[in-house]
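**Student:** Structure incoming, see below.
In my numbering, the protein residues as written are 2 to 200.
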């Protein structure tokens with residue numbers, strides 16, 4: 002959990018690093034077209050949105066529900082998701098989480114979900130208290146206490162800090178990402194979800 006420990010210690014930097022040896026995309030043409038439609042939305046409250054010119058399959062990570070049920074991103078294939086990684090010690094996460102909850106309340110359902118995964122590896126009892134303290138009511142509670150999800154994304158050139166959000170289409174392809182916090186209940190975010198659901 003070396004990368005996670007570094008971030009937890011406070012060395013949080015946001016930016017973009019191209020993954021070494023990035024594999025060629027095997028995503029359908031529809032994913033590329035969707036990414037092109039998302040590009041104009043990288044403004045205002047979503048100015049940090051980085052749209053992939055060549056979408057690729059979302060990296061394989063695993064996590065679990067509060068009831069212990071194990072999941073991977075493949076379980077969400079067929080509907081677009083926002084995959085958000087967060088931690089209780091992450092100050093920007095505290096600001097961002099209520100907006101993600103409002104987005105899920107407004108737009109979530111069979112055709113879209115905000116998948117917010119907690120990546121704390123210690124003092125796990127703080128997760129529920131954190132979510133309760135910021136008023137989260139609509140998000141399903143997912144977690145990965147192993148730290149593997151964060152580590153995997155970090156090694157892939159993402160998750161340079163927390164929070165990080167990947168925009169994944171219905172085909173399981175990553176079409177965009179945001180490093181750092183964003184106002185996910187903004188008009189720009191609502192437009193992004195509408196485009197995802199339509200694409």
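Cβ atoms here follow ideal geometry from the backbone N, Cα and C, with glycine treated the same way.
(1) If you draw a straight line from the C-alpha of residue 157 to the C-alpha of residue 35, how long is it?
(2) Just confirm the distance between the C-beta atoms of residue 64 and residue 150, as a whole number of angstroms; I'd bet it's less than 8 Å.
(3) Mind checking which residues open and close the alpha helix (DSSP H) that includes residue 113?
(4) Taking the straight line between their C-alpha atoms, what separation do you get for residue 112 and residue 123?
(5) Under 8 Å Cβ to Cβ from residue 187, same chain only, skipping five residues before and after it: list those, please.
(6) Once you ignore the five residues that flank residue 60 on each side, which residues in its own chain have a CB closer than 7 Å to its CB?
(7) Can you name, in chain order, every residue of its own chain whose Cβ lies under 7 Å from the Cβ of residue 32, other than the five neighbours on each side?
(8) Provide the residue span of the alpha helix (DSSP H) that contains residue 33, from first to last.
(9) By the 10 Å Cβ neighbour count, where 16 or more other Cβ atoms means buried, how is residue 73 classified, buried or exposed?
(10) Between 133, 83, 147, 125, which has its C-alpha nearest residue 196's C-alpha?
(11) Measuring alpha carbon to alpha carbon, tell me which of 91, 53, 94, 191 ends up nearest residue 40.
**Tutor:** On the basis of the supplied data:
(1) 22 Å
(2) 6 Å
(3) Here residue 113 belongs to no alpha helix (DSSP H), and DSSP marks it neither H nor E.
(4) 34 Å
(5) 45, 46, 47, 100
(6) 153, 154, 157
(7) 56, 170, 172, 174, 176
(8) 30-39
(9) exposed
(10) 83
(11) 53
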